[in-house]
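Enquirer:
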Amino acid sequence: MPADRKARVGILISGRGSNMAALIDAAGREDCPYEVAIVISNVPDAPGLAYAADRGIPTFALSHKGVKRAEFDLLVDGALRDARIEYVALAGYMRLLSPGFVDRWAGRMVNIHPSLLPAYKGLDTHQRALDAGETRHGCTVHLVTAELDDGPILAQAEVPILPGDDSATLANRVLVEEHRLYPAALAALIRRTDAVQPPAAIITPGQE
Ligand code: GAR
């Protein structure tokens, strides 16, 4: 990717959007290889939308209620394509994705999950780690595949579980690491792929 060109990232959220904010803030740095070109939510009053809009980032919000999953994902995909998005970052997007959507973004869609995958896929990861008597916990950034919270791991950050922790204190400790890990892992993925290179010029014989 040329040094002066930034990959166009779309972020999908369902709520607070603190990881989205971390990605947006990191994109403001000159050496960041991506810009956030749209934020999409399946929850029209998701608090994260206002953060993005306040920073001049286009937003698209559409409730999934009453819409079939595949149809909803087609609408989201259309919004991403209209915005000429190259990479998708799920940031607390609490929706299962249709296989067609996952296929279309294979290798270019990432997720952050609050556990050291493959441990504790799904919900309530902090409480489950505490209940299991773990001494360490953390977060994972991974490529998205058809299986929930699965797919090749790009990066992980670990935190200790301390005496007296409850799920809230542990979640806060993990969240600090999420905000560091996600922008770094996304930037690394974009830097090491040539997927955003413009197609090579076609040389017609005789015109070399
Ligand atoms: C984050 O902790 C994220 O890791 C988690 O939801 C939270 C969203 O917070 N994602 C998942 O559990 C996905 N399986 P945020 O909206 O403040 O970024």
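Residues in the sequence shown are numbered from 10 upward in steps of one, following our numbering. Note that beta-carbon positions come from the ideal geometry of N, C-alpha and C, so glycine has one too. None of the values given here were measured: they were computed from a predicted structure.
Please state whether DSSP places Glu167 in a helix, a strand or coil.
Expert: To locate residue 167, count along the sequence shown from 1; it is residue 158. Strand, per DSSP.
Enquirer: Return the first residue and the last residue of the alpha helix (DSSP H) that Met118 is part of.
Expert: Taking the sequence shown and counting its residues from 1, the one referred to as residue 118 is at position 109. Careful: Met118 lies outside any alpha helix (DSSP H), inside the beta strand (DSSP E) at Met118 to His122.
Enquirer: Mind checking who Ala138 pairs with in its DSSP beta bridge?
Expert: Here residue 138 refers to the residue found at position 129 of the sequence shown. Paired residues: none, contrary to the question.
Enquirer: Report whether the distance from the Cβ of Ile20 to the nearest heavy atom of ligand 1 is below 7 angstroms.
Expert: Here the question's residue 20 lines up with position 11 in the sequence shown. Ile20: no, Cβ never under 7 angstroms from ligand 1.
Enquirer: Just curious, the alpha helix (DSSP H) that Gly87 is in, first and last residue?
Expert: As a working mapping, residue 87 is identified with position 78 in the sequence shown. Note, Gly87: alpha helix (DSSP H), Arg78 to Asp91.
Enquirer: If we ignore side chains and look at the alpha-carbon of each, how far apart do Gly37 and Ala79 end up?
Expert: On the sequence shown, position 28 is the one that residue 37 refers to. On the sequence shown, position 70 is the one that residue 79 refers to. So the alpha carbons of these two residues sit roughly 34 angstroms apart.
Enquirer: So, are the CB atoms of Val150 and Val168 less than 8 angstroms apart?
Expert: Translated into positions along the sequence shown, residue 150 becomes position 141. Translated into positions along the sequence shown, residue 168 becomes position 159. Not in contact: Val150 and Val168 (Cβ atoms no closer than 8 angstroms).
Enquirer: State the start and end residues of the unbroken alpha helix (DSSP H) segment that holds Glu186.
Expert: Residue numbering aside, residue 186 sits at position 177 when the sequence shown is read from its first letter. Ser176 to Arg201 is the span of the alpha helix (DSSP H), which, as asked, contains Glu186.
Enquirer: Would you grab the beta carbon distance between Gly109 and Asp82 for me? Rounded to a whole angstrom, and I think it's under 8 angstroms.
Expert: Start at 1 with the first residue of the sequence shown, and residue 109 comes out as number 100. Start at 1 with the first residue of the sequence shown, and residue 82 comes out as number 73. Right, the Cβ-Cβ distance comes to about 7 angstroms (below 8 angstroms), so this counts as a contact.
Enquirer: Counting only the same chain and skipping the five closest in sequence on each side, list residues whose C-beta sits under 6 angstroms from that of Gln136.
Expert: Here residue 136 refers to the residue found at position 127 when the sequence shown is read from its first residue. So the list reads Ser176, once near-sequence residues are dropped.
Enquirer: Quick check on the burial criterion: 16 or more other C-beta atoms within 10 angstroms. Buried or exposed for Pro123?
Expert: Within the sequence shown, residue 123 is the residue found at index 114, counting from 1. Buried, since its Cβ has 16 or more Cβ neighbours within 10 Å.
Enquirer: Following a CB-centred definition, is Leu195 positioned closer than 7 angstroms to any heavy atom of ligand 1?
Expert: The count along the sequence shown starts at 1 and reaches residue 195 at position 186. No, the beta carbon of Leu195 sits no closer than 7 angstroms to any heavy atom of ligand 1.
Enquirer: Kindly list the residues whose CB is nearer than 7 angstroms to the CB of Gly19, restricted to its own chain and excluding five residues on each side of it in sequence; keep chain order.
Expert: In the sequence shown, counting from the first residue as 1, residue 19 sits at position 10. Here the set comprises Ala46, Ile47, Ile49, Leu89, Ala92, Ile94 and Val97.
Enquirer: Do you know how far the Cα of His73 is from the Cα of Thr144?
Expert: By one-based count along the sequence shown, residue 144 stands at place 135. By one-based count along the sequence shown, residue 73 stands at place 64. For Thr144 and His73, the distance between alpha carbons rounds to 38 angstroms.
Enquirer: Hey, could you find the ends of the alpha helix (DSSP H) Arg17 is sitting in?
Expert: Within the sequence shown, residue 17 is the residue found at index 8, counting from 1. Note, Arg17: premise wrong, no alpha helix (DSSP H); beta strand (DSSP E) at Ala16 to Ile22.
Enquirer: State yes or no: is the C-beta of Arg25 nearer than 7 angstroms to some heavy atom of ligand 1?
Expert: Numbered from its first residue, the sequence shown carries residue 25 at position 16. Checking the Cβ of Arg25 against ligand 1 gives yes.
Enquirer: Using only CA atoms, which one of Val85, Pro127, Asp86 and Arg25 lies nearest to Asp158?
Expert: Reading the sequence shown from its first residue, position 149 is the one you call residue 158. If we check each option's Cα against that of Asp158, Pro127 comes out closest.
Enquirer: How far does the alpha helix (DSSP H) with Ala61 in it extend, from its first residue to its last?
Expert: Start at 1 with the first residue of the sequence shown, and residue 61 comes out as number 52. Where Ala61 is concerned, the enclosing alpha helix (DSSP H) stretches over Gly57 to Asp63.
Enquirer: In the DSSP assignment, find the unbroken beta strand (DSSP E) run with Leu152 in it and report its ends.
Expert: Counted from its first residue, the sequence shown places residue 152 at position 143. Leu152 -> beta strand (DSSP E) spans Arg145 to Leu152.
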